[in-house]
Amino acid sequence: MLTQLWLLDPIPGWLPVDNPFARLAQAPKHHLADPALAARLLNLDAATLLADSPQRRPHGRAMIGQLFESLVALSLRAYAQTIEADIAHLRTRNADHEIDFIITGPGGRIVALEVKLARTVDDNDVTHLHWLHNKVGDTLADAAIITTGPYAYRRPDGIAVIPATLLGP
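All residue numbers for the sequence shown refer to this note's numbering, where the first residue is 1090 and numbers rise by one.
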């Protein structure tokens, strides 16, 4: 019912045409269409979401990462639709590898995106993106981490780091 009302935005599991993966989970990942609505329904305000003390954040601080990912999902969905691309997520069945978003363009090439609620990116944050590149090779057109940081740049390993504030069509 929530999907029919355009309140719930399911993102399907990615299943490539030439599947080099042994076991991929196909269950959709669900986001509320508007993360501000989710925050309001959970009675979360800015102070609760950003609080440092556990007494002030019964569940607020734990939710901010999920709400940030939902905000990015909302943006990516809109931009992908304008270029007739599909958006999905990748998770192996035993959950040892997960990539937040896989965007597949009309030619079948993909862009892999991870979302991190952090200003900086380290080598641990790009592990799954390198794993995907080893699996699909040149089918991967690009890979990036979307962050809360102030600057966009490309790491020495080729992974782009993009602040969410710079996302656009």
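From the three backbone atoms N, C-alpha and C, an ideal C-beta is built for every residue, glycine too.
Keep in mind the model is a prediction, meaning the values are calculated, not measured.
Close Cβ partners of residue i (< 6 Å) along its chain, the five nearest in sequence each way excluded
{"i": "K1205", "result": "D1214, I1234, T1236"}
{"i": "H1120", "result": "D1098, S1159, A1162"}
{"i": "P1101", "result": "P1117, A1177"}
C-beta atoms of residue i and residue j nearer than 8 Å
{"i": "L1221", "j": "I1192", "result": "no"}
{"i": "G1238", "j": "R1208", "result": "yes"}
{"i": "K1118", "j": "H1178", "result": "yes"}
{"i": "A1232", "j": "L1218", "result": "yes"}
{"i": "A1122", "j": "L1156", "result": "no"}
{"i": "V1210", "j": "V1250", "result": "yes"}
{"i": "S1164", "j": "L1256", "result": "yes"}
{"i": "A1174", "j": "G1194", "result": "yes"}
Neighbourhood of residue i by C-beta distance below 7 Å, restricted to the same chain and skipping five residues each side
{"i": "R1166", "result": "D1098, I1176"}
Exposed unless 16 or more other CB atoms sit within 10 angstroms - verdict on residue i
{"i": "I1172", "result": "exposed"}
{"i": "R1180", "result": "buried"}
{"i": "A1169", "result": "buried"}
{"i": "P1124", "result": "buried"}
{"i": "R1243", "result": "exposed"}
Sequence-distant residues of the same chain with beta carbon closer than 8 Å to residue i, five excluded per side
{"i": "R1145", "result": "Summary for R1145: the model assigns pLDDT 49, below 50, so the residue's position carries little reliability; its value from the coordinates is reported in the next sentence. Correct list, in chain order: A1136, T1137."}
{"i": "P1252", "result": "I1235, T1236, T1237, G1238, P1239, Y1240, A1241"}
{"i": "G1247", "result": "A1232"}
{"i": "P1245", "result": "none"}
Is it true that the segment 1130-1138 meets the segment 1192-1205, where meeting means three or more beta-carbon pairs spaced less than 8 Å apart? no
Starting from the N-terminal side, write out each stretch of the alpha helix (DSSP H) that is 4 residues or longer and does not extend beyond the segment 1166-1225. 1216-1225
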